[in-house]
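J.: The structure is given below, and queries will be raised subsequently.
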Amino acid sequence: MNDTSSLGPSPSHPSSDLRLTRRGFIAGTGAAVVLGGTAPARAAAAAGPIADGAHVPVLVIGTGYGGAVAALRLAQAGVDVHMVEMGMAWDTPGTDGKIFCNTREPDYRSYWLRTRTKAPLNYFLGFPIDRDIPRYTGVLDAEEFAGITVYQGRGVGGGSLVNGGMAVTPKRENFASVLPTVNAAEMYDVYYPRANATLGVGTVDPAWFESTAYYQYARVGRKHAQRSGFPFVFVPDVYDWDYMKQEEAGTVPKSALAAEILYGNNAGKKSLQKTYLAQAKATGRVAISPLHRVTSVAPAGSGRYAVTIEQLGTSGAVTATKTVTADRVFFAAGSVGTSKLLVKLKATGVLPGLNGEVGKGWGDNGNVMCGRANHLWDPTGAQQSAIPCAGIDNWTAGGAFAEVAPLPTGIETFASFYLSITRNPNRAEFTWNAAAGRVDLSWQTAWKQPSIDMAKTIFDRINSKEGTIYRTDLFGVYKIWGDHLTYHPLGGAVLGRATDNYGRLAGHPGLYVIDGALIPGNTTVNPFVTITALAERNIERIIATDL
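For what it's worth, numbering that gives the first Met the number 0 labels the leading residue of the sequence shown as 0, then goes sequentially.
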């Protein structure tokens, strides 16, 4: 479907016309784009959190990949943007002098408003390893639904703060299954290269990979994959590989080589704070309000939207409630955050024009985890880089791509650990639970079975060849598969269904989705490069036609 109602200015809604004025491009004058006859809006980029009663030309909900792309490109086009982020800014060191805590020693900074950790790998040697922590607006959210736990980044930079940084572009032959309504040639010729360049994607130095003790675990994974006939591939990443070499040499503070990954990375990883968001803020047209949670987006007349925002303290308590107006609103709160908000607003009649596709098409990118117990002659190393750099590709034959993942415990485990992405066909739906006042997700844990079966096409064969077995002590007692989670939530406001083919929401001109909610459940690889490239494609069209 193509909703052309929001293409360009609407005669009946003059204030929704974001057409640029000549003054907006006069260098050195400080003039801003004039939106709908309002005064120049340079105040949008002023310091400090957004004020109650403010009016902004563009409000972006969320600061992850899609939102960061939108903010940067809109600002470069001369539009003032205000971003609101539910999590913290993560720009101030704690008492230990570091912004983020270590994976092996989670503290108050680790989890979003939990009093006990909920690690993805939560057992070791059959014993539970989660611990009590103070309730705080930490960096990793383990959001629990009935059938699955969804891990999400909380803070300025979104998921880029807590992921492994694996920056993978899908194989072109698989792209039609990922985004069937999108021109593949444009994506691979223009938008994937643009995304990779701006994200700072690079690949490990193969010679250093062969020599460093910190990737012994990956070399063992390669040996076992190749002995069983599977392609082993190096995977690009957004880590600073030169910095990692310096970490090993001892000339800079250790970061990836000190197990910094799950709860943030203090040095070498190129999160969005260092790439898209840094460039966006450098324009002088982008302001960010951390610890601000959007609860409503409602039509406000004259083509504008009234946005209700709760300001949070670090205990999670609401410290203020604000209402601001915006000419345009971009939903970029992540697949779960965007979907939950839209489902609630449709069901409660706040945005009645949204269509019946809102909330549908959600998937887990086929995530499932497992470990293998290696022989004593195949140690994986007590020292392990926390940044994965390689994977096993059996997508064509078995529907699985397995990231050779670190297990940075600080001791020798003789364990190979894997996060698999599989061609799981199951899709769930978000629905409004009026009685409980919340959004539910229809995912069932049993729906992970296809992912397990596809992952087994790799690991059953490796175990048979090597004479090894699965680890049963990493996810519980005698439990092989980590089938309770996803790190890669996708869908819920699918492109070409809930939106038109560029992310414009049906029925409400001036509202857009620009994050992973647009992608119907699977990208065949780690998804953030595809989310970024799709956002680049969509915002370019929106700027050209809607502004």
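All C-beta atoms, glycine included, are put in the ideal place defined by N, C-alpha and C.
Quantities reported herein were computed from a predicted structural model and do not represent experimental measurements.
How far does the beta strand (DSSP E) with Ser419 in it extend, from its first residue to its last?
T.: Here residue 419 corresponds to residue number 420 of the sequence shown, with the count starting at 1. Looking at the DSSP string, the run of the beta strand (DSSP E) that includes Ser419 is 414-421.
J.: When you compare each of Phe416, Val181, Thr421, Ala67 to Arg470 by their alpha carbons, which one comes out closest?
T.: As a position in the sequence shown, residue 470 is number 471, starting the count at 1. The shortest C-alpha separation from Arg470 is found at Phe416.
J.: Residue range of the beta strand (DSSP E) that Gln151 falls in?
T.: Here residue 151 corresponds to residue number 152 of the sequence shown, with the count starting at 1. Segment 148-152, the beta strand (DSSP E) holding Gln151.
J.: With a threshold of 6 angstroms on Cβ separation, who are the neighbours of Phe527 within its own chain once the five nearest residues in sequence on each side are excluded?
T.: Here residue 527 corresponds to residue number 528 of the sequence shown, with the count starting at 1. Answer for Phe527: Tyr64, listed in chain order.
J.: Output the boundary residues of the alpha helix (DSSP H) element that contains Met243.
T.: Position 244 of the sequence shown, counted from the first residue, corresponds to residue 243. Segment 240-248, the alpha helix (DSSP H) holding Met243.
J.: Confirm, please, whether the CB-CB distance from Pro519 to Val149 is below 9 angstroms.
T.: Reading the sequence shown from its first residue, position 150 is the one you call residue 149. Reading the sequence shown from its first residue, position 520 is the one you call residue 519. No.
J.: Can you name the start and end residues of the alpha helix (DSSP H) that Pro205 belongs to?
T.: As a position in the sequence shown, residue 205 is number 206, starting the count at 1. It spans 205-210 - the alpha helix (DSSP H) in which Pro205 sits, taken as one unbroken run.
J.: Check whether the region 250-266 and the region 214-222 are in contact - that is, three or more C-beta pairs closer than 8 angstroms.
T.: Contact fails: fewer than three Cβ-Cβ distances are below 8 angstroms.
J.: With a floor of 3 residues, list each beta strand (DSSP E) that falls wholly inside the region 58-100, ordered by position along the chain.
T.: The qualifying runs are 80-83.
J.: Could you pull the start and end residues of the alpha helix (DSSP H) that Leu276 belongs to?
T.: Start at 1 with the first residue of the sequence shown, and residue 276 comes out as number 277. From DSSP, the alpha helix (DSSP H) with Leu276 extends over 275-281.
J.: One question on the structure: do Arg153 and Gly137 come within less than 9 angstroms of each other, judged by their Cβ atoms?
T.: Stepping through the sequence shown from its first residue, residue 153 is reached at position 154. Stepping through the sequence shown from its first residue, residue 137 is reached at position 138. A contact, by the Cβ cut-off of 9 angstroms.
J.: What are the start and end residues of each continuous alpha helix (DSSP H) run of 4 or more residues lying completely inside the region 368-420, in chain order?
T.: Entirely contained in the region 368-420, the alpha helix (DSSP H) runs reaching 4 residues are, in chain order, 394-397.
J.: Going by other Cβ atoms of all chains shown within 10 Å of its Cβ, with 16 needed for buried, is Leu344 buried or exposed?
T.: Here residue 344 corresponds to residue number 345 of the sequence shown, with the count starting at 1. The residue in question, Leu344, is buried, as its Cβ has 16 or more Cβ neighbours within 10 Å.
J.: Out of His81, Gln151, Ala445, Leu290, which has the shortest C-alpha to C-alpha gap to Val549?
T.: Look at the range of the chain in this structure, 0 to 546, and you will see that residue 549 is not part of it.
J.: By Cβ distance below 6 angstroms, which residues in the same chain neighbour Phe329 in space, the five residues on each side in sequence not counted?
T.: Counting from one through the sequence shown, the residue named residue 329 turns up at place 330. Excluding positions up to five away in sequence, the list reads Val59, Ala69, Tyr511, Ile513.
J.: Would you tell me roughly how many angstroms separate the C-alpha atoms of Ile479 and Ser463, rounded to the nearest one?
T.: Within the sequence shown, residue 479 is the residue found at index 480, counting from 1. Within the sequence shown, residue 463 is the residue found at index 464, counting from 1. The alpha-carbon atoms of Ile479 and Ser463 are separated by roughly 16 angstroms.
J.: What residue range is occupied by the uninterrupted beta strand (DSSP E) comprising Arg103?
T.: Start at 1 with the first residue of the sequence shown, and residue 103 comes out as number 104. First-last for Arg103: undefined, no H or E at that position.
J.: So, is Leu375 buried or exposed, given that buried needs 16 or more other C-beta atoms within 10 angstroms?
T.: Translated into positions along the sequence shown, residue 375 becomes position 376. Exposed is the call here.
J.: Using DSSP with H/G/I as helix, E/B as strand and the rest coil, what is Thr430?
T.: Translated into positions along the sequence shown, residue 430 becomes position 431. Of the three classes helix, strand and coil, the one that applies to Thr430 here is strand, per DSSP.
J.: Between Asn373 and Glu465, is the Cβ-Cβ spacing less than 9 angstroms?
T.: For this step, residue 373 is matched to residue 374 along the sequence shown. For this step, residue 465 is matched to residue 466 along the sequence shown. A contact, by the Cβ cut-off of 9 angstroms.
J.: Drop a sphere of 10 angstroms on the beta-carbon of Ser210, count the other beta-carbons inside from all chains shown, and report buried for 16 or more, exposed for fewer.
T.: For the purposes of this step, residue 210 is taken as the residue at position 211 of the sequence shown. It is exposed - the Cβ of Ser210 has fewer than 16 other Cβ atoms within 10 Å.
J.: Counting C-beta neighbours from all protein chains within 10 Å, is the total for Val342 16 or more, i.e. buried, or is it exposed?
T.: Here the question's residue 342 lines up with position 343 in the sequence shown. With 16 or more other Cβ atoms within 10 Å, it is buried.
J.: Inspect the beta-carbon positions of Asp90 and Pro56 and report whether they are closer than 9 angstroms.
T.: For the purposes of this step, residue 90 is identified with residue 91 of the sequence shown, where counting begins at 1. For the purposes of this step, residue 56 is identified with residue 57 of the sequence shown, where counting begins at 1. For Asp90 and Pro56, no; Cβs fall outside 9 angstroms.
J.: Which runs of the beta strand (DSSP E) at least 3 residues long sit entirely within the region 138-196? Give them in chain order.
T.: Listed in chain order, the complete beta strand (DSSP E) runs (minimum 3 residues) inside the region 138-196 are 139-143, 148-152.
J.: By Cβ distance below 6 angstroms, which residues in the same chain neighbour Asp439 in space, the five residues on each side in sequence not counted?
T.: Position 440 of the sequence shown, counting from 1, holds the residue named residue 439. Taken in chain order, the residues that qualify are Thr430, Asn432.
J.: For Ser288, which three-state DSSP category applies?
T.: Locating residue 288 in the sequence shown gives position 289, counting from the first residue. Strand at Ser288.
J.: Could you say which of Lys455, Thr408, Arg371 lies nearest to Ala414 if we only look at CA atoms?
T.: On the sequence shown, position 415 is the one that residue 414 refers to. Checking every option, the nearest Cα to that of Ala414 belongs to Arg371.
J.: Quickly, what does DSSP pair His54 with across the bridge? List them, please.
T.: Stepping through the sequence shown from its first residue, residue 54 is reached at position 55. Answer by DSSP bridge pairing, in chain order: Thr324.
J.: Distance, Cα to Cα, Leu34 vs Asp545?
T.: Numbered from its first residue, the sequence shown carries residue 34 at position 35. Numbered from its first residue, the sequence shown carries residue 545 at position 546. Confidence at Leu34 is low in this model, with a pLDDT of 33, below 50, so the placement of that residue is unreliable and no value is reported for it.
J.: Three Cβ pairs or more, each shorter than 8 angstroms: is that satisfied between the region 263-279 and the region 492-510?
T.: Contact between the region 263-279 and the region 492-510 is absent, because fewer than three Cβ pairs lie under 8 angstroms.
J.: Using a 10 Å radius around the Cβ and a threshold of 16 neighbouring Cβ atoms, would you call Thr294 buried or exposed?
T.: Position 295 of the sequence shown, counting from 1, holds the residue named residue 294. Counting Cβ neighbours within 10 Å, Thr294 comes out exposed, since fewer than 16 surround it.
J.: How would you write the range of the alpha helix (DSSP H) that Leu533 sits in, first residue to last?
T.: Within the sequence shown, residue 533 is the residue found at index 534, counting from 1. Here the alpha helix (DSSP H) through Leu533 covers 527-545.
J.: Looking at Asp140 and Tyr110, is the spacing between their C-beta atoms short of 9 angstroms?
T.: Here residue 110 is taken as the residue at index 111 of the sequence shown, counted from 1. Here residue 140 is taken as the residue at index 141 of the sequence shown, counted from 1. Cβ distance < 9 angstroms, so Tyr110 and Asp140 count as in contact.
J.: With Trp361 and Ala427 assumed to form a contact (beta carbons below 8 angstroms), what rounded beta-carbon distance in angstroms separates them?
T.: Residue numbering aside, residue 361 sits at position 362 when the sequence shown is read from its first letter. Residue numbering aside, residue 427 sits at position 428 when the sequence shown is read from its first letter. Going by Cβ atoms, the distance from Trp361 to Ala427 rounds to 5 angstroms, so yes, they are a contact pair.
J.: With Ala305 as the anchor, note down where its beta strand (DSSP E) starts and where it stops.
T.: Here residue 305 corresponds to residue number 306 of the sequence shown, with the count starting at 1. That run of the beta strand (DSSP E) goes 304-311.
J.: I need the DSSP call for Tyr110, collapsed to helix, strand or coil.
T.: Translated into the one-based positions of the sequence shown, residue 110 becomes position 111. Three-state DSSP puts Tyr110 in a strand.
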